[in-house]
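Peer 1:
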Amino acid sequence: MMRLRNLWFLAVAAVVLSGCSSKWGWYIISPDTETGRTNLAFLLRGFELTISISVTSFVIAMVLGMLVTIPVVYKSRWLLAFNRIYVEVLRSVPNLVMIIWVFYGLPVLLGIELNVFWAGVTALALGESAFLAEVYRAGIQSVGRGQEEAADAIGLTFKDKMWFVVLPQAVRRILPPLGNQFVYMLKMSSLVSIIGLSDLTRRANELVTSEYRPLETYSFLILEYLVLILIVSAGVRWLERRLKADQRQ
Amino acid sequence: MAEAGEGAAGPIIRIAGLSKWFDDFQVLKAIDLTVTLGEKVVVCGPSGSGKSTLIRCINRLEAFQEGAIEVDGIALTGDLRNVSAVRREVGMVFQQFNLFPHMTVLRNLTLGPMRARGLSRKDAEERARYYLERVRIPEQADKYPSQLSGGQQQRVAIARSLCMQPRIMLFDEPTSALDPEMIAEVLDTMVELAEEGMTMVVVTHEMGFARRVADSVVFMDAGEIVESQPPEAFFSAPKSDRTQQFLKKILSY
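Protein chains in written order, with our numbering: chain Y, 24 to 272; chain C, 46 to 298.
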C-alpha cells in the first residue's frame, strides 16, 4: 500500500518536472548522451557522502546523547544541571553556524588540523546529540514511577531495575522519534557542502556552475533527497509497526 | 497490641514516632504502630490522611525524617543493605497493579526470584506457576498484562509479590482501581492469604473485608492514628468523633 502511494507520488513529481514547458532542459543529465551520463553519475555519487556523513554523525550523536542522558537515569541533581546546560547550549546553535565554527574556529583553538569530513561530522553530531538527549530523556521519564516502585518492591537492584524494567520500555518509545531525527539529519547534512564536502548538494552546486542549468539540477537534487528520505521513512514506519506488534496493546 | 502474649508471636513491624514531611507539609505525625507476626491490620481514613504514605514507608518507597521503623529486627535506615533486606521480607501490592507491560505474566513473576533471589529459570517458573495456580489464573501465564482484566492483573500482581516469599504483605488500596464486579475476586484472594496466616497491612475502604479479616482496624486522619481497635469494637463503638463521622460517611450507602 505504502509503496504504491510513494510510486504514485514520484510519478506525479516526475510529470510535473519533465519538460512540460520549453524552459526545461533535461539534456544536461540525460542518460542518452555522453555528457548527460557523466553529469548524472557525478550527481549520484553524492549519495555516498550524504549517507556516510549522516550515518556517522548520527551514530556518534546517539552515543553522545546517551552519555548526556546518564544523569537523568541516576536522577542526580548536580549532574542534571550538566544535562540541561549541554542541551540548552547546543540546541541553540544553528547547524550552519556550528559547522563553520568547528571547521574554521576549532582548529585555531586546539591548534590542530581538522579533516573536512570529521569537521562536518563533529558539528552535525554535536548539534544532534542535544536533540537526541531530549528524546532519550522524554522516553525514560515516560516510564511511570509506578514501574520503578514495583521493581523496588520485588527487591531488584538499581542496575536490574533499569536494565529489565525501565530501559526496555523507554527504548520502545524512543525508537520512532529517533527515526524522525535521522530523517532530519539527512536533510541537515546538506549544510556540510559549504565547507567543501562533495555531498549531493555540493555536487549540484558545482554542476550548476559549469552547466548554468540551476532549474534542472536543483530539481533533480530535490528528487534525490526525496527518494532517500522516502526510503528511510518507510523503514521507520516498518520499525514502528513491528514495535507495536511486539507490545500487543 | 491485641495479640500480645499469644505464643511466640512477637512484633514483626515496629514503628515508633514516625514523622514525615513533604516540603513544609507534615503528612505523618509521630506515628506509633506495632504489627505482630500473623496479624492483619486494616488501615483506613479519608484521602490525604497519610495512610498510603505510612505503608510506603514500611518498605522504604518513601523516606522519612523522624522516628524509627524496624521490620523483622532490621532497622530501616538510609543503609541500602538494610533497605534491600527489608524489601526481601516485604511484598507490596499497588492500587494501579504496576505490572511490567512488556513482559508476559510468567516473566513478571520470575524476574524478582531470578534476579533478586538467584533462582534458576526452571525453579522460578515452577514457583511462578504454583502461585498463579493459587490466585486461580494458571492459564494466563503466557499472556501480556494488557490482555487481562483489571481483577486478573491485580491477582497477577499479588502472585508476583508472593513469588518472593515475603513474610509480610502490604496492600495499598488494592481494589480502588477496579470495576465493582472484579473487586470480589481480588478480595477473595486476599482472604485466602489471610487465612493461611500471612502478616498483612492493608490500606482499603472495603469495610466488609476489614470486618471479616482484620485483627485490628487503624483509623488515620490528618497524618495521625486516631484510633486502633479490633473490628467489632471499631465498627460498633468507635471512640473518637472523627472516626464516627468517617464511618457514617462511608457506611451510609
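Using N, Cα and C, we set each Cβ at its ideal position, and we do this for glycine too.
Looking at the structure shown, is Phe-109/C part of a helix, part of a strand, or coil, going by DSSP?
Peer 2: Reading the second sequence from its first residue, position 64 is the one you call residue 109/C. Coil, per DSSP.
Peer 1: Return no unless some Cβ of chain C is closer than 8 Å to the Cβ of Ala-176/Y.
Peer 2: Taking the first sequence and counting its residues from 1, one reaches residue 176/Y at position 153. So yes, Ala-176/Y belongs to the interface.
Peer 1: Given that a residue counts as buried once 16 or more other Cβ atoms are within 10 Å of its Cβ, and exposed if not, what is Ile-135/Y?
Peer 2: Mapped onto the first sequence, residue 135/Y falls at position 112. Exposed: under 16 other Cβ atoms inside 10 Å.
Peer 1: Keeping to the same chain, check which residues put their C-beta closer than 6 Å to that of Glu-111/C; ignore five residues upstream and five downstream.
Peer 2: Numbered from its first residue, the second sequence carries residue 111/C at position 66. Only Ser-64 meet the Cβ criterion.
Peer 1: Along the stretch 159-191 of chain Y, where does the CB come closer than 7 Å to a CB of chain C? Name the residues.
Peer 2: Gly-169, Gln-170, Glu-172, Ala-173, Asp-175, Ala-176, Ile-177, Gly-178, Leu-179, Asp-183, Phe-187, Val-188, Pro-191
Peer 1: Can you tell me whether Glu-84/C is buried or exposed, with buried defined as 16 or more other CB within 10 angstroms of its CB?
Peer 2: The residue you call residue 84/C lines up with position 39 of the second sequence. That one is buried.
Peer 1: Could you pull out every residue in the same chain whose Cβ sits closer than 6 Å to the Cβ of Gln-247/C, ignoring the five residues on either side in sequence?
Peer 2: Here residue 247/C refers to the residue found at position 202 of the second sequence. The amino acid at residue 247/C is misidentified as Gln; the sequence shows Val. For Val-247/C, where only same-chain residues beyond five positions count, the Cβ hits under 6 Å are Val-87, Phe-216.
Peer 1: Excluding the 5 residues flanking Arg-60/Y on each side, which residues of the same chain have their C-beta closer than 7 Å to its C-beta?
Peer 2: Stepping through the first sequence from its first residue, residue 60/Y is reached at position 37. Contacts found: Pro-54.
Peer 1: Taking the straight line between their C-alpha atoms, what separation do you get for Leu-99/C and Val-144/Y?
Peer 2: Here the question's residue 99/C lines up with position 54 in the second sequence. Here the question's residue 144/Y lines up with position 121 in the first sequence. When the Cα atoms are used, Leu-99/C and Val-144/Y turn out to be separated by approximately 54 Å.
Peer 1: Output, in chain order, the set of chain Y residues within a Cβ distance shorter than 9 Å of Met-227/C.
Peer 2: As a position in the second sequence, residue 227/C is number 182, starting the count at 1. Neighbours of Met-227/C on chain Y: none; closest Cβ ~19 Å, over 9 Å.
Peer 1: Hey, how far is the Cα of Leu-121/C from the Cα of Asn-104/C?
Peer 2: Residue 121/C sits at position 76 when you count from the first residue of the second sequence. Residue 104/C sits at position 59 when you count from the first residue of the second sequence. Taking the straight line from one Cα to the other gives about 8 Å.
Peer 1: So, with DSSP's three-state summary, where would you put Gly-162/Y?
Peer 2: Within the first sequence, the letter at position 139 stands for residue 162/Y. Correct three-state label for Gly-162/Y: helix.
Peer 1: Scan the stretch 200-213 of chain C for residues whose Cβ lies nearer than 9 Å to a Cβ of chain Y and list them as they occur along the chain.
Peer 2: Ala-202, Arg-205, Ser-206, Cys-208, Met-209
Peer 1: Run through DSSP, which three-state label would Val-80/C get?
Peer 2: Working through the second sequence from its first residue, we reach residue 80/C at position 35. Residue state, collapsed to three classes: strand.
Peer 1: Skipping 5 residues on each side, what residues in its chain have a beta carbon closer than 6 Å to that of Ala-153/Y?
Peer 2: Indexing the first sequence from 1 puts residue 153/Y at position 130. Val-110, Leu-113, Arg-114, listed in sequence order.
Peer 1: Is it the case that the stretch 246-253 of chain Y contacts the stretch 206-223 of chain Y, given that we only count it when at least three CB pairs across the two stretches are under 8 Å?
Peer 2: yes
Peer 1: If you draw a straight line from the alpha carbon of Thr-73/Y to that of Met-208/Y, how long is it in whole angstroms?
Peer 2: Here residue 73/Y refers to the residue found at position 50 of the first sequence. Here residue 208/Y refers to the residue found at position 185 of the first sequence. Looking at the two C-alpha atoms, the distance is approximately 10 Å.
Peer 1: Between Arg-160/C and chain Y, is the shortest Cβ-Cβ distance under 8 Å, so that the two count as touching?
Peer 2: Locating residue 160/C in the second sequence gives position 115, counting from the first residue. Arg-160/C counts as touching chain Y.
Peer 1: Can you name the residues that DSSP bridges to Pro-56/C?
Peer 2: Against the second sequence, residue 56/C aligns to sequence position 11. Answer is Thr-81/C.
Peer 1: Can you pull the chain Y residues whose beta carbon is under 8 Å from the beta carbon of Arg-132/C, in chain order?
Peer 2: Here residue 132/C refers to the residue found at position 87 when the second sequence is read from its first residue. Under the 8 Å cutoff, chain Y gives Asp-175, Ala-176, Ile-177, Gly-178.
Peer 1: Using a Cβ-Cβ cut-off of less than 9 Å, list which residues of the stretch 93-107 of chain C approach chain Y; keep chain order.
Peer 2: Arg-101, Asn-104, Arg-105, Leu-106
Peer 1: Grab the span of the alpha helix (DSSP H) containing Gly-136/C for me, first residue to last.
Peer 2: As a working note, residue 136/C is residue 91 in the second sequence. Note, Gly-136/C: premise wrong, no alpha helix (DSSP H); beta strand (DSSP E) at 135-138.
Peer 1: Do you know how far the Cα of Ile-76/Y is from the Cα of Ser-213/Y?
Peer 2: Here residue 213/Y corresponds to residue number 190 of the first sequence, with the count starting at 1. Here residue 76/Y corresponds to residue number 53 of the first sequence, with the count starting at 1. The straight-line gap from Cα to Cα measures roughly 10 Å.
Peer 1: Should Ile-108/Y go down as buried or exposed, given a rule of 16 or more other Cβ atoms within 10 Å for buried?
Peer 2: As a working mapping, residue 108/Y is identified with position 85 in the first sequence. Result: exposed.
Peer 1: Exposed or buried, which one is Val-139/Y when buried takes at least 16 other CB atoms within 10 Å?
Peer 2: Residue numbering aside, residue 139/Y sits at position 116 when the first sequence is read from its first letter. Val-139/Y comes out exposed.
Peer 1: My assumption, with CB atoms under 8 Å, is that Arg-172/C sits in contact with Pro-183/C. Please give the rounded CB distance.
Peer 2: As a position in the second sequence, residue 172/C is number 127, starting the count at 1. As a position in the second sequence, residue 183/C is number 138, starting the count at 1. About 13 Å separates the beta carbons of Arg-172/C and Pro-183/C, which is beyond the 8 Å limit, so they are not a contact pair.
Peer 1: Chain C beta carbons: is any one of them nearer than 8 Å to that of Gln-272/Y?
Peer 2: Sequence index remark: in the first sequence, residue 272/Y carries index 249 (1-based). Reliability of the predicted coordinates at Gln-272/Y is poor, the pLDDT of 44 falling under 50, and the value obtained from them is presented with this limitation in mind. It does: the Cβ of Gln-272/Y has a partner Cβ on chain C nearer than 8 Å.
Peer 1: Contact defined as beta carbons within less than 8 Å: I believe Asp-77/C pairs with Gly-55/C. What is the distance between those atoms, to the nearest angstrom?
Peer 2: In the second sequence, residue 77/C corresponds to position 32, counting from 1. In the second sequence, residue 55/C corresponds to position 10, counting from 1. About 17 Å separates the two Cβ atoms, so there is no contact after all.
Peer 1: When the Cα of Leu-106/C is compared with those of Met-137/C, Ser-94/C, Ala-204/C, which residue comes out closest?
Peer 2: Locating residue 106/C in the second sequence gives position 61, counting from the first residue. Measuring from the Cα of Leu-106/C, the nearest candidate turns out to be Met-137/C.
Peer 1: Is the distance from the Cβ of Glu-269/C to the Cβ of Thr-288/C below 8 Å?
Peer 2: Walking along the second sequence from the start, residue 269/C turns up at place 224. Walking along the second sequence from the start, residue 288/C turns up at place 243. It is not a contact, given that the beta carbons lie outside the stated cut-off.
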